[in-house]
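These notes are about the structure you will find just below.
Residue numbers (the working numbering), protein chains in the order written: chain A, 8 to 266; chain B, 9 to 111.
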């Protein structure tokens, strides 16, 4: 149980963990009591974090607004990849409904994947800067919202990896299982975002610009495809606005320009 | 003005002088105030007092009794001493003439 107290203590600052666990050891506090003492302190710390406005910005802005928008893109890219992979695996052909060429589908999936990758990196960077000690909780919620609702979307649209009728408990799973698409498009950029830059390559402000351009390109391509060429350029700012609204603080994050 | 528990922490730290750290303050509060003191309440109060500038903290030495872990040492600042004195005087004035004053 004392090991359990040490495990719970990982949620504390290193200095505080050192002194608290030392105090408990010095007082000879038993394993069970030590666990609840540390748990009590962690709970108080977490509650104190949420008295500030910044974690709420991360929760509502990044997890809520941006996470919900990203989940739609995530669902679309999962569906397209699923269709292409299934068609190739079973029939050795590209999935093609006759309206959209394979090349267009690839541009579409490429833009979407790039936009998801870039926005995830930028959003995680902003989330870390704002959530601070609540980062691990909020980034987990971000993953649940992005991947969880995309998975539900994919199941209901028929692109599910679950054969037959999905069991009811799948929607109550607290953390959706890690899918290869999720690993590539969410977890990797999330790690880059948390480290505040793509390792040794580009600062996140540049990624922000690329993300906006890719989303605009995806939207232009999507509208052109769905409307049979009658493109409506006035609509794309509305699509991109939620991302810009919550992600612009990336320009204020210190260290993302570090050489 | 200080809260009741903040006053107890400052008083215990002042009494312990250069031996004031988490476990010692906790023991002092439990002995003098005859009430239990959780680690959570103690450390959040220490942080609050430090942010108000009423105490100073720094990491002390590690001992074998603590499993090789360092102590968080605490010292009451001049401002902390004045705040504690003001709290004590307010409580004394508020209690004067009441039935439980001499108990």
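Backbone N, C-alpha and C define an ideal beta-carbon position, used for all residues, glycine too.
The shortest C-alpha to C-alpha distance from residue 253 of chain A to any of A:188, A:126, A:195 and A:191 is the one to A:126.
Where residue 69 of chain B is concerned, there is no enclosing alpha helix (DSSP H), although the beta strand (DSSP E) around it starts and stops at 63-71. According to the DSSP secondary-structure assignment, residue 77 of chain B is paired through a beta bridge with B:71. Here DSSP, grouped into helix, strand and coil, assigns residue 83 of chain B to strand.
Taken atom to atom, the span from the alpha-carbon of residue 98 of chain B to that of residue 48 of chain B is near 28 Å. If you look at residue 60 of chain B, you'll find it isn't in any alpha helix (DSSP H); DSSP assigns it neither H nor E. Three or more beta-carbon pairs drawn from the region 12-32 of chain A and the region 62-79 of chain B are found closer than 8 Å, and the two stretches are therefore classed as touching.
Near chain A, meaning a CB-to-CB distance below 8 Å, the residues of the region 12-35 of chain B are 29, 30, 31, 34 and 35.
With fewer than 16 other Cβ atoms inside 10 Å of its own Cβ, residue 69 of chain B counts as exposed.
Pairing residue 23 of chain A with residue 51 of chain B gives a Cβ-Cβ distance under 8 Å. A residue is called buried once 16 or more other Cβ atoms fall within 10 Å of its Cβ, and residue 11 of chain B, having fewer, is exposed. A straight-line Cα-Cα distance of about 50 Å links residue 191 of chain A and residue 62 of chain B. Using a Cβ-Cβ cut-off of 7 Å, residue 74 of chain B is close to 29, 32 and 33 of chain A, given in chain order. The beta carbon of residue 80 of chain A lies closer than 6 Å to those of 119 and 123 in the same chain, with the five residues before and after it left out. DSSP, read as helix, strand or coil, puts residue 29 of chain B in strand.
Nearest C-alpha to residue 86 of chain A among A:18, A:65, A:116 and A:110: A:116. Not a single CB atom of chain A sits nearer than 8 Å to the CB of residue 85 of chain B. The region 69-84 of chain A and the region 46-55 of chain A do not touch, with fewer than three beta-carbon pairs separated by less than 8 Å.
No Cβ of chain B is located within less than 8 Å of the beta carbon of residue 139 of chain A.
Residues of chain A with a Cβ closer than 9 Å to the Cβ of residue 40 of chain B do not exist, since the nearest Cβ in that chain sits about 17 Å away. Taking a Cβ-Cβ threshold of 8 Å, the residues of chain A close to residue 77 of chain B are 25, 26, 28, 29 and 32, in chain order. Neighbourhood of residue 252 of chain A in chain B, by CB distance below 9 Å: empty, with the nearest CB roughly 32 Å away.
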